[in-house]
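Asks:
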Amino acid sequence: MSDDPGTLEQALAGLPEAAARASALRLQGGTASLVLDATGLDARHRAALEAQVRAALLAAPGVGEVRIALTAEKVERTIVAIGSGKGGVGKSTIAANLAVALARAGRRIGLVDADIYGPSQPRIMGNYERPELADKQIVPVEAWGVRMLSIGQLVEAGSALAWRGPMAASALGQLVEGDWGDAEMLVVDLPPGTGDIQLSLIQKWKPAGAVIVSTPQDLALIDATRAIDLFRKMDVPLLGLIENMSGYA
Ligand SMILES: Nc1ncnc2c1ncn2[C@@H]1O[C@H](COP(=O)(O)OP(=O)(O)O)[C@@H](O)[C@H]1O
Ligand SMILES: [Mg+2]
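Take -18 as the starting number for the sequence shown in our numbering and just add one per residue.
(1) To which residues of the same chain is Leu220 closer than 8 Å at the C-beta, ignoring the five residues directly before and after it?
(2) Since Leu171 and Gly64 should fall inside the 8 Å C-beta cutoff, what is the C-beta to C-beta distance between them, to a whole number of angstroms?
(3) Cβ of Val56 within 8 Å of Cβ of Gly126?
(4) If we count Cβ pairs, one from each stretch, closer than 8 Å, do we get three or more for the stretch 41 to 59 versus the stretch 142 to 149?
(5) So who's on the other strand from Glu224, going by DSSP bridges?
(6) State the start and end residues of the unbroken alpha helix (DSSP H) segment that holds Arg128.
(7) Which residues mark the beginning and the end of the beta strand (DSSP E) in which Leu15 is found?
(8) Taking Ile90 and Met166 to be in contact with their CB atoms under 8 Å, please state how far apart those CB atoms are, rounded to whole angstroms.
(9) When the Cα of Gln102 is compared with those of Trp144, Arg7, Gln134 and Val194, which residue comes out closest?
(10) Pick helix, strand or coil for Val93, following the three-state DSSP scheme.
(11) Pull up the distance between the alpha-carbon of Ala205 and that of Gln155, whole angstroms please.
(12) Since Ser65 is in the beta strand (DSSP E), which residue starts that stretch and which ends it?
(13) So if DSSP puts Val245 in a beta bridge, which residue, or which two residues, is it bridged to?
(14) Out of Val157, Met129, Gly66 and Gln184, which one is the CA nearest neighbour of Pro173?
(15) What does Leu8 pair with, by DSSP beta-bridge criteria?
(16) Buried or exposed: which applies to Asp216, given that a residue is buried once 16 or more other Cβ atoms fall within 10 Å of its Cβ?
(17) Using the three-state DSSP reduction, which class does Leu51 fall into: helix, strand or coil?
(18) Can you look up Leu219 in the DSSP assignment and give me helix, strand or coil?
(19) So, for Trp208: in the same chain, excluding its five sequence neighbours on each side, which residues have a beta-carbon less than 7 Å away from its beta-carbon?
(20) Give the C-beta separation of Asp116 and Ala53 to the nearest angstrom, bearing in mind that I take them to be a contact with Cβ-Cβ under 8 Å.
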């Protein structure tokens, strides 16, 4: 048997994406092996690409077995946190609108509803689908051109209310480390205040910046200052303070 890797290259010629991502093609004793770079692909695309490559190679002359090593570079993602001192100031509304606006401007955006105790993104984004699990990662759902994950999709409404810090932080991890595919930025809608969720987000996933939302009332502004102090102390740059609902008395 000739064991010529050229056979494999030919077999992949009809699959431009696979050909571009394949390297280290080898054919030895009827076993074809290669490395497939799956950087930026989500679980579904990864599986589809792998199946295509396997089928194409098995159809090539002299190939009886196919071994595929999948690799992926870790995608560097920018995280932008949307925080506030108080609840009800419009954080979630702004996070959703910011995410959709960025997506419309051509960016690949994920929206994380980290308000474990009062998730509202499924409602705002109008998507109550239950996300699937792939390779132990949660796969975001889509709405308005944005990928989205919310604790509200995972547990019954209100059932997270009794969670203590560690459980809430672990839920946050599942969301932030979901299967975001090639998303370049995650907009994180935080719960109000300066609690466990804010701290674990800052410590583990260091946002590139934070946007603080407040209303013009004195009390809301005092609480906003506390949120600003937290991000400042932890070296998260403040991207801006949004005064929302300023037209309301
Ligand atoms: N600029 C605005 N004008 C009118 N209503 C708003 C505005 N921003 C937010 N709201 C409303 O205020 C309520 C609280 O907003 P939400 O985004 O859920 O706040 P938070 O996430 O800070 O708790 C929602 O009913 C929302 O529709
Ligand atoms: Mg909210």
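For every residue, glycine included, the Cβ atom is placed at its ideal position computed from N, Cα and C.
Replies: Quick look at the numbers:
(1) Cβ neighbours of Leu220 beyond the five flanking positions: Val61, Gly190, Ala191 and Val192.
(2) Confirmed, about 5 Å.
(3) The answer is no: Cβ separation not under 8 Å.
(4) Fewer than three beta-carbon pairs drawn from the stretch 41 to 59 and the stretch 142 to 149 are found closer than 8 Å, and the two stretches are therefore not classed as touching.
(5) Partner residues in the beta bridge of Glu224, as assigned by DSSP, are Ser195.
(6) Residue range Val127 to Ser131 is occupied by the beta strand (DSSP E) that includes Arg128, with no alpha helix (DSSP H) assigned at that position.
(7) Per DSSP, the continuous beta strand (DSSP E) segment holding Leu15 begins and ends at Thr12 to Asp18.
(8) 5 Å between Cβ atoms; contact.
(9) Scanning Trp144, Arg7, Gln134 and Val194 for the CA closest to the CA of Gln102 turns up Gln134.
(10) If DSSP states are grouped into helix, strand and coil, Val93 belongs with the strands.
(11) Pairing Ala205 with Gln155, the inter-Cα distance amounts to about 27 Å.
(12) In the DSSP annotation of this structure, Ser65 is not part of any beta strand (DSSP E), being labelled neither H nor E.
(13) Look at the range of the chain in this structure, -18 to 230, and you will see that residue 245 is not part of it.
(14) Measuring from the Cα of Pro173, the nearest candidate turns out to be Gly66.
(15) In the DSSP output, where bridge partners are listed per residue, Leu8 has Ala13.
(16) Answer is exposed; the Cβ neighbour count stays below 16.
(17) In this structure, DSSP gives Leu51 an extended state, which the three-state scheme calls strand.
(18) Three-state result, Leu219: strand.
(19) In the sequence as displayed, the identity of residue 208 is Ala instead of Trp. Excluding residues within five positions, the ones whose Cβ falls inside 7 Å are Gly64, Ser65, Gly66, Thr175 and Ile193.
(20) Not quite, the Cβ-Cβ distance comes to about 11 Å (not below 8 Å), so this is no contact.
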